[in-house]
Amino acid sequence: MSATSVLVEGERASLSGRVGRLTPASPAKWGRMDAGQMLRHTAEALRMALGELPVRPAGKRFFHARLVKYLMIRVLPFPKGAPTAPELRVAEPVAFEAERARWLGLLSRFGSAPPSGVGAEHPLFGPLTWQEWGELQYKHLDHHLKQFGV
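Going by this note's numbering, the letters in the sequence shown line up with residues 202 to 351, in that order.
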């Protein structure tokens with residue numbers, strides 16, 4: 202298993218600590234979301250990975266190829282301004298502390314996911330193993346926490 206996966210307890214603890222340093226006033230280095238909206242966006246991405254939030258496929262089969270998935274999940278940096286599924290967009294105000302608590306609970310639940318097998322389908326990459334989901338979620342969460350300087 203990759204050292205940078207939310208399936209690794211130490212990595213979850215590190216992410217949780219970083220979220221603990223986030224405040225409602227933490228400024229974004231890029232993008233339009235505030236800190237609470239980012240927590241909601243990434244929480245919804247965790248729900249999607251857990252199979253709890255249905256997301257329509259993007260219909261871009263090119264990204265289903267094994268090499269493309271490997272490069273996007275494990276090699277290339279997460280791009281700033283990358284398109285997101287409409288179901289993961291957040292524009293409304295968010296109750297920061299409630300969202301942080303929900304986020305921490307979802308991260309913990311994701312950490313209890315089976316360490317092998319196939320998880321939910323990703324709208325761009327199609328079917329992902331739990332290991333791929335764990336690595337992709339880490340990369341996504343890390344990207345957005347860096348967006349807010351934590």
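Ideal Cβ positions, reconstructed from N, Cα and C, are used throughout, including at glycine. Keep in mind it's a predicted model, so treat the numbers as computed, not measured.
Alpha carbons only, please: which of the options is nearest the one belonging to residue i?
i      : options                           : result
Thr330 : Ser317, Gln338, Tyr339 and His341 : Ser317
Lys281 : Asp343, Leu208 and Glu293         : Asp343
Val207 : Lys347, Ser313 and Val319         : Ser313
His323 : Glu210, Thr285 and Pro278         : Thr285
Val319 : Gln332, Arg233, Glu288 and Leu307 : Gln332
Leu337 : Trp231, Leu247 and Pro228         : Leu247
Val291 : Pro315, Arg241, Phe264 and Arg262 : Arg241
Arg222 : Leu277, Arg301, Ile274 and Leu307 : Arg301
Pro287 : Pro225, Val220 and Pro255         : Pro255
Asp235 : Ala214, Glu293, Arg310 and Ser309 : Glu293
Please list, in chain order, all residues of the same chain as residue i whose beta carbon is under 8 angstroms from its beta carbon, the five residues on each side excluded.
i      : result
Ala321 : Met249, Ala250, Leu251, Gly252, Leu329 and Trp334
Thr243 : Trp304, His341, Leu342 and His345
Glu210 : Gly312
Pro228 : Phe349 and Gly350
Thr205 : Glu212, Glu336, Tyr339, Lys340 and Asp343
Leu307 : Ala244, Leu247, Arg248 and Leu251
What span of residues does the beta strand (DSSP E) with residue i cover, start to end?
i      : result
Glu322 : Val319 to His323
Leu329 : Gly327 to Thr330
At what residues does the alpha helix (DSSP H) containing residue i begin and finish?
i      : result
Phe311 : Phe297 to Gly312
Glu210 : Glu210 to Arg222
So, for residue i: in the same chain, excluding its five sequence neighbours on each side, which residues have a beta-carbon less than 6 angstroms away from its beta-carbon?
i      : result
Lys270 : Phe326
Ser203 : The predicted model places Ser203 with a pLDDT of 47, which falls under 50 and marks its position as unreliable; any figure quoted below should be read in that light. Closer than 6 angstroms at the Cβ level, and outside the excluded window around Ser203, lie Glu336.
Pro258 : Pro324
Glu297 : The question names Glu, yet the displayed sequence has Phe at residue 297. So the list reads Pro225 and Gly237, once near-sequence residues are dropped.
Val295 : Gly237, Gln238 and Arg241
Excluding the 5 residues preceding and the 5 following residue i in the sequence, name in chain order all residues of the same chain whose CB lies nearer than 7 angstroms to its CB.
i      : result
Ala279 : As written in the sequence, residue 279 is Phe, which differs from the Ala given in the question. Excluding residues within five positions, the ones whose Cβ falls inside 7 angstroms are Lys340, His341 and His344.
Met239 : His345, Gln348 and Phe349
Kindly examine the ligand MN and report whether one of its heavy atoms sits closer than 6 angstroms to the Cβ of residue i.
i      : result
Leu268 : The ligand MN is absent from the structure shown, which contains no ligand whatsoever.
When you compare the CB of residue i with every CB in chain D, is at least one pair closer than 7 angstroms?
i      : result
Gly282 : Note that chain D does not occur in the displayed structure, where there is just one protein chain.
(request) Let me know the alpha helix (DSSP H) ranges lying completely inside the region 235-267, each 4 residues or longer, listed in chain order. (result) Whole alpha helix (DSSP H) segments, 4+ residues: 236-250.
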